[in-house]
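K.L.:
There are 2 protein chains.
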Amino acid sequence: MDERQALAAFAALGQEHRLRVVRALVIAGPDGLAAGALATEVGVASTNLSFHLKELSHAGLITFRREGKSVIYSAAYAGLSDLIAFLMRDCCQGRPEVCAPAVAALSACACPNGDTAHA
Amino acid sequence: MDERQALAAFAALGQEHRLRVVRALVIAGPDGLAAGALATEVGVASTNLSFHLKELSHAGLITFRREGKSVIYSAAYAGLSDLIAFLMRDCCQGRPEVCAPAVAALSACACPNGDTAHA
DNA sequence: CCATCAATTCAACGTTTGTTGAAGCGTATG
DNA sequence: CATACGCTTCAACAAACGTTGAATTGATGG
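Top line first, the protein sequences correspond to chains P and D. The numbering used here applies: residue 171 is where the first sequence begins, and numbers increase by one. The numbering used here applies: residue 171 is where the second sequence begins, and numbers increase by one.
1. Please report whether the beta-carbon of D:I197 lies at a distance below 8 Å from any beta-carbon of chain P.
2. Taking its Cβ as the centre, do 16 or more other Cβ atoms sit within 10 Å of D:R174, making it buried, or is it exposed?
3. Quick check on DSSP: helix, strand or coil for D:A245?
4. Let me see if you follow: with CB-CB separation under 8 Å, is P:I254 close to chain D or not?
5. Does D:V273 get closer than 8 Å to chain P when you measure Cβ to Cβ?
6. Do we get a CB-CB distance below 8 Å when we pair D:S220 with the residues of chain P?
7. Since I believe D:G184 is in contact with P:L226 (beta carbons under 8 Å), could you give me their beta-carbon distance rounded to a whole number of angstroms?
8. Counting contacts by CB-CB distance shorter than 8 Å, is D:Q263 in contact with chain P?
9. Is there contact here, the region 215-224 of chain D with the region 248-268 of chain D, by at least three beta-carbon pairs under 8 Å?
10. Using the Cα positions of D:P282 and P:R236, report the straight-line distance between them to the nearest angstrom.
11. Measuring CB atoms only, is the region 255-263 of chain P touching the region 184-203 of chain D, in the sense that at least three cross pairs come out at less than 8 Å?
12. Could you check whether the Cβ of P:R265 sits closer than 7 Å to any heavy atom belonging to the ligand ADP?
13. Within 8 Å of any Cβ in chain D, is that where the Cβ of P:R173 sits?
14. Just how far apart, CA to CA, sit D:F256 and D:D172?
15. Is P:V157 close to chain D, meaning its C-beta is less than 8 Å from at least one C-beta of that chain?
16. Identify every residue that forms a DSSP beta bridge with D:I232.
17. Can you tell me whether P:F180 is buried or exposed, with buried defined as 16 or more other CB within 10 angstroms of its CB?
18. To be precise: take each residue of the region 203-217 of chain P, compare its Cβ to all Cβ atoms of chain D, and keep it if any distance is under 7 Å. Which residues remain?
19. Shorter than 8 Å from the beta carbon of D:Y247 to some beta carbon of chain P?
20. Within a Cβ cutoff of 6 Å, which residues of the same chain sit near D:A229, ignoring the five residues on either side of it in sequence?
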C-alpha cells in the first residue's frame with residue numbers, strides 16, 4: 171500500500187457515518203449487509219449513504235456484490251490489514267517494545283492461533 | 171477508546187501533511203523530532219505545521235515536550251494501538267480467520283517476542 | 001408492458017478545512 | 001536588558017466536503 175491509498179483510507183474513516191458503516195461491516199463479517207440495512211443501522215438517508223459507500227469502496231475498505239434487487243456490502247479485511255501495516259511500518263528501528271502494544275491490542279481481537287488466553 | 175476519539179484520530183490521519191508527520195514520528199521513535207525538523211521533512215510552512223501538530227496532539231496521536239528553544243514531538247504509540255484496536259474490535263464473531271491477516275501484517279512489523287522469523 | 005422496489009446519479013447548497021502572512025510569546029545569549 | 005531564535009496564535013480567504021431532493025438506472029412481479 172502506498173501513501174496515496176492510505177491517505178484515502180484514513181480520510182474515508184475520518185467521517186462519522188463512514189466509520190459507522192465500516193464498523194458495522196467489520197462486525198457483520200464476510201456475509202455483509204444490504205445498503206438499505208446499512209442506511210437504517212447508521213441512520214442516514216439512502217442518497218447520502220450511496221455517496222459514502224462509493225467513497226469507502228474507492229478507498230479499498232469495502233466491497234460489494236449485487237444480489238437480486240439488493241446490493242450487499244462487506245468489509246475488505248485485506249484493505250484494513252494493509253492500512254494498519256502502512257501506519258506502523260518501520261516503527262521499531264531496533265526497539266520492538268515500542269510498537270508491541272499495537273500487536274497486543276490487535277491480537278486480543280483476533281486470537282488467530284486458536285490460542286485464546288494468557289499468551 | 172470511544173467513537174469520538176477514533177473519529178478525530180482517523181480524520182487527523184486523513185490529511186497528507188499530517189499523515190507524513192505521524193509516519194516520520196513513528197519512524198523516529200521515542201526520541202521524537204523538533205517542530206523545525208518536521209517542517210523541513212514534511213515540506214510545509216511552520217505556521218501551517220503548528221496547526222497540524224495541534225490537530226494531531228488533540229487526537230491523541232502525538233505528544234510533545236519543550237526542550238530549550240525547541241518543542242520536540244513524538245508518536246503516541248499507545249494512541250495508535252488503541253486506534254487499531256477500535257477499528258478491528260468485534261471483528262471475528264467466531265471467525266478468527268477473517269481478521270488474522272491484520273494481526274500477521276502488524277506482527278511482521280513488530281516481532282515483539284524477540285522471535286524474528288518463521289513465526 | 002407497466003408498476004414497484006432498491007439503489008445510484010446529479011446539481012445545488014451551506015459548512016468545514018487547509019493555507020498564508022503578520023503579529024505574539026517563551027527561551028536562550030551577548 | 002536588548003536581540004535573536006523557535007514556535008504558536010490570529011484573522012482572512014479559497015477549496016473541498018457532506019447533505020438534500022429530484023430524477024435515473026436496474027431488477028422483480030402482476
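Even glycine gets a Cβ: it sits at the ideal position worked out from N, Cα and C.
P.N.:
In brief:
1. yes
2. exposed
3. strand
4. Chain D contact via Cβ: present.
5. In terms of beta-carbon proximity, D:V273 lines the interface with chain P, with at least one pair separated by less than 8 Å.
6. Chain P, which has no Cβ nearer than 8 Å to the Cβ of D:S220, makes this no.
7. In fact, because the Cβ distance is near 12 Å, the residues do not count as touching under 8 Å.
8. yes
9. no
10. Per-residue confidence for D:P282 stands at a pLDDT of 45, beneath the threshold of 50, marking its modelled position as unreliable; the derived number appears in the next sentence. Whole-angstrom Cα-Cα distance: 42 Å.
11. yes
12. No copy of the ligand ADP appears in this structure; indeed no ligand is present at all.
13. In the sequence under discussion, the amino acid at residue 173 of chain P is Glu, which differs from the Arg named in the question. Cβ-Cβ to chain D under 8 Å: yes for P:E173.
14. Computed Cα separation, rounded: 8 Å.
15. Because residue 157 of chain P is not part of the residues shown, which for chain P are 171 to 289, the question remains open.
16. D:A245
17. buried
18. none
19. yes
20. A178, A179, A182
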